[in-house]
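Let me begin by presenting the structure, written as structure tokens, before commenting on it.
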Amino acid sequence: MFRSCFAPQPDTPRVVYAASVAINLLALALPLTILQVYDRVLPHASFQTLNALLVGLLGVIIVDISLKHSKSVVSNWIGASYAHNTSRQAIRTILTATPNPERSRSIATHLERLSSISSLGDHIASPARNVKVDVLFVPIFAFVILLVGGILFVVPVLLFCIFGCFSFYRTRLLYSEIKKQEKIESRKSDFMIEALRSISTIKSHAMEASLLRRFERLQLASSDTLRQIILLTSAAQTYATTFAAVSTIAIISTGAFLVVDQKLTVGGLACCMLLSSQLIQPLTRIMASWNELQLAEYNQQKVEAIFENENSSLAAVGESAKKINAGPAAIQMNGVCIQHGNSRPLIENINLNVAAGELVAIRGGDGSGKSSLLRTLTGTIVPKHGTVRFGDTELSPETQPKIRRAVRYVGQEAVIFQGTILENLTTFGKASVSSAINASKLIGLDNEIIRMPKGYDTRIENVSGHEIPASTAQRISIARSIALRPSVLILDEANTALDMIGEKALANALIALRGKQTVIVATHRPNLIRLADKAYEISDKKIATIETIQNQKTSGL
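Per the numbering used here, the sequence shown starts with residue 625, numbered consecutively.
This is the structure we're talking about:
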């Protein structure tokens, strides 16, 4: 089952159903008026009756237009509000989800699912949801044809059944092709996103030709499926037009014989022609709605997948969720084992104690598990065994939102958002301007920013950060985390993108943060390791202590 935060499709209000019933009843006005005009008004030259019928028909038209407009306004409002609320819930669920590598989805998949919300909102606003009312009026129209035309009733009903079976078959083919197109477009979107993300690498390795051929294959498959969809869609429209013409010809031909035999009046024939079109229109809407209902069900499944696959704790998220006690937090890891899926454990039985305000350095080779260990502290990775405590709070699904607000993680790659440098430093207002500027000065970024023409108001449009040097972008990421005043600051190889000046500034910042924030640094740089109060090395799934200058001072050496 999907989570309770997912809003199911809202029920259609009774007023919309009532309007649909009234519209279908009013559709009988024109055929019955034609019947009266041909059979009674014209033979008897009754102009008063004609005027009354015309006035009544005009009133019916006005009421019909008003009902259709009101019904459209109400349905559009319901669909738009559903799409708005569900989109907010979906984005909130994704942003607050616990990342899970085993259940990760591509960017294209997320975009496809989010776009399905809009499609579902359009379906809710469309007349397809009220097609059941049209279905109920099919036997009513058929009964009126039977009363007026007698045996002529067989012709539209027989054509109705033939066209219905044929349309049902074509609609199933169309739905199958649309599902195939969705999968192909998802693969093509994944390819385009990855290609654009790695465009510099592609050009440096002269991979344009091979990637172009791969895209051509994807585009060929997409074009072929799109061609089938266009053929089926246009064929359905052609068949509907052809059927309407065949229906008219069949009714006129059969009705003409009945009129000649005086078994049917001219007015009755005209009335039956109009009623047959009223009989066919619901069928056409039903067939079109059948396809839309199938697509809506498919979109519903994709929207539900957002809430099924994202493990989030929405109840604890928000500004009201308190974080752990202000100030630096102590960290205690007991018997922690980290394992991804069915693979071998990365680290086993790790015991680590970090006092509040300490600066701790961790060193380890590639694949040693140091990054996984640090991500365990953020709650991104759940340990297979063992416990993690921040002060008096144990890390668990219930406490994770509270702890996550107190921990800041900076990785090897800078994370830059579109906006000004100040907006990036304050996380768009989450941190105060004074805290952001102080953090900028602490990391040695202030002198560089004030030399820019617009200073802190310099706008960054490229989210990859290529508009500014890599070292500057990384220091912005570090300063942003410091400005938020976390209880625990984690720097996972965050110095790799820094130049010599930037690394020296980082070292000075770490010294200044000692005692104010608990800082854990994963690095290979000896000058940063020497600054640590404690240093550890991860090797062969175990963690061992490294001697540092601070250790020597503490021990009196």
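Glycine included, C-beta positions come from ideal geometry on N, C-alpha and C. In this text the structure is predicted, and so the values were computed from the model without any measurement.
> Unbroken beta strand (DSSP E) runs of length 3 or more, entirely within the stretch 762 to 835: which are they?
Replying inline: Listed in chain order, there is nothing to give.
>> So within the stretch 667 to 747, which uninterrupted alpha helix (DSSP H) runs reach at least 4 residues, ignoring any that extend past its ends?
In response: Listed in chain order, the complete alpha helix (DSSP H) runs (minimum 4 residues) inside the stretch 667 to 747 are 671 to 719.
> Tell me, which residues are paired with Q956 by DSSP?
Replying inline: Q956 pairs with N977 and R1013.
> At a Cβ threshold of 8 Å, is L738 touching chain D?
Replying inline: You won't find chain D in this structure, because it holds only one protein chain.
> Skipping 5 residues on each side, what residues in its chain have a beta carbon closer than 7 Å to that of K692?
Replying inline: Excluding positions up to five away in sequence, the list reads I647.
> Under the three-state reduction of DSSP, which class applies to A749: helix, strand or coil?
Replying inline: Three-state DSSP puts A749 in a helix.
> Under the three-state reduction of DSSP, which class applies to Q1141: helix, strand or coil?
Replying inline: Residue state, collapsed to three classes: coil.
>> Distance check for I930 and V870, CA to CA, integer angstroms please.
In response: Each residue's Cα considered, the two are about 47 Å apart.
> Whose C-alpha, out of A920, T1017 and S699, is nearest the C-alpha of R615?
Replying inline: Past the boundaries of the shown model lies residue 615; the chain is included only from 625 to 1181, so the question cannot be answered.
>> So the candidates are S822, V1034 and Y922; which of them puts its Cα closest to the Cα of V1112?
In response: Minimum Cα distance to V1112 is reached at V1034.
>> Pull the bridge partners of T1169 from the DSSP assignment, please.
In response: Partner(s): Y1160.
>> For I986, list the residues DSSP reports as bridge partners.
In response: Per DSSP, A1146 and Y1160.
>> Between A1168, Q1036, L1049 and I689, which has its C-alpha nearest D1116's C-alpha?
In response: Checked all of A1168, Q1036, L1049 and I689; the closest Cα to D1116 is Q1036.
> Roughly how many angstroms separate the alpha carbons of K756 and L798, rounded to a whole number?
Replying inline: Straight across, the Cα-Cα distance linking K756 with L798 is about 22 Å.
> So what's F1044 in DSSP terms, helix, strand or just coil?
Replying inline: Phe is not the amino acid found at residue 1044; the sequence shown has Thr there. Three-state result, T1044: strand.
> Could you check where the beta strand (DSSP E) with I1106 kicks off and where it finishes?
Replying inline: I1106 -> not in any beta strand (DSSP E); alpha helix (DSSP H) instead, spanning A1094 to A1107.
>> Is it the case that the stretch 895 to 907 contacts the stretch 757 to 777, given that we only count it when at least three CB pairs across the two stretches are under 8 Å?
In response: Contact between the stretch 757 to 777 and the stretch 895 to 907 is present: three or more C-beta pairs spanning the two stretches fall below 8 Å.
> Excluding sequence positions up to five away, which residues of its chain have a Cβ less than 8 Å from the Cβ of S670?
Replying inline: Here the set comprises R664.
> Hey, quick one: how far does the beta strand (DSSP E) through R1032 stretch, first residue to last?
Replying inline: Where R1032 is concerned, the enclosing beta strand (DSSP E) stretches over V1031 to V1034.
>> Taking 7 Å as the limit between beta carbons, can you name the residues of its chain near I1005, skipping five residues before and five after?
In response: Excluding positions up to five away in sequence, the list reads I962, S996 and R999.
>> Suppose the cutoff is 8 Å on Cβ atoms and the five residues either side in sequence are ignored; what does the same chain contact list for Y863 look like?
In response: Contacts found: F787, F790, S791 and R794.
>> Using 8 Å for Cβ pairs, my map puts Y706 next to K803. What's the rounded Cβ distance?
In response: Contact check for Y706 and K803: beta-carbon distance about 23 Å, past the 8 Å limit, so the pair fails to qualify.
>> Does V1057 pass the burial test, meaning 16 or more other C-beta atoms within 10 Å, or should it be called exposed?
In response: V1057 counts as exposed, since fewer than 16 other beta carbons sit within 10 angstroms of its beta carbon.
> Distance, Cα to Cα, S858 vs K1008?
Replying inline: Here the alpha carbons of K1008 and S858 stand approximately 56 Å from one another.
> Are at least three pairs of beta-carbons, each pair with one atom in the stretch 1093 to 1113 and one in the stretch 1043 to 1052, less than 8 Å apart?
Replying inline: These segments touch.
> Between which two residues does the alpha helix (DSSP H) containing V645 stretch?
Replying inline: Run containing V645: R638 to L650, per the alpha helix (DSSP H) assignment.
> What is the DSSP secondary structure of V870, counted as helix, strand or coil?
Replying inline: Three-state DSSP puts V870 in a helix.
>> Here's the rule I'm using: 16 or more other beta-carbon atoms within 10 Å means buried, otherwise exposed. How should R1099 be labelled?
In response: Under this definition R1099 is a buried residue.
> With burial defined as no fewer than 16 other Cβ atoms inside 10 Å of the residue's Cβ, what is the status of L649: buried or exposed?
Replying inline: Exposed is the call here.
> Ends of the alpha helix (DSSP H) at V1057?
Replying inline: For V1057, the enclosing alpha helix (DSSP H) begins and ends at V1057 to L1066.
> According to DSSP, is V1112 helix, strand or coil?
Replying inline: Residue state, collapsed to three classes: strand.
> Which residues share a DSSP beta bridge with C961?
Replying inline: In DSSP, C961 forms a bridge with H1009.
>> In whole angstroms, give me the CA-to-CA distance for Q596 and E932.
In response: No answer is possible for residue 596: it lies beyond the span of the chain, which begins at 625 and ends at 1181.
>> On the DSSP letters alone, give me the boundaries of the alpha helix (DSSP H) that D1123 sits inside.
In response: Counting along the chain, D1123 falls outside any alpha helix (DSSP H), and DSSP gives it neither H nor E.
> Buried or exposed: which applies to H747, given that a residue is buried once 16 or more other Cβ atoms fall within 10 Å of its Cβ?
Replying inline: The residue is buried, with at least 16 neighbouring Cβ atoms inside 10 Å.
>> Strictly by DSSP, which residues pair up with I1084?
In response: Beta-bridge pairing links I1084 to G1043.
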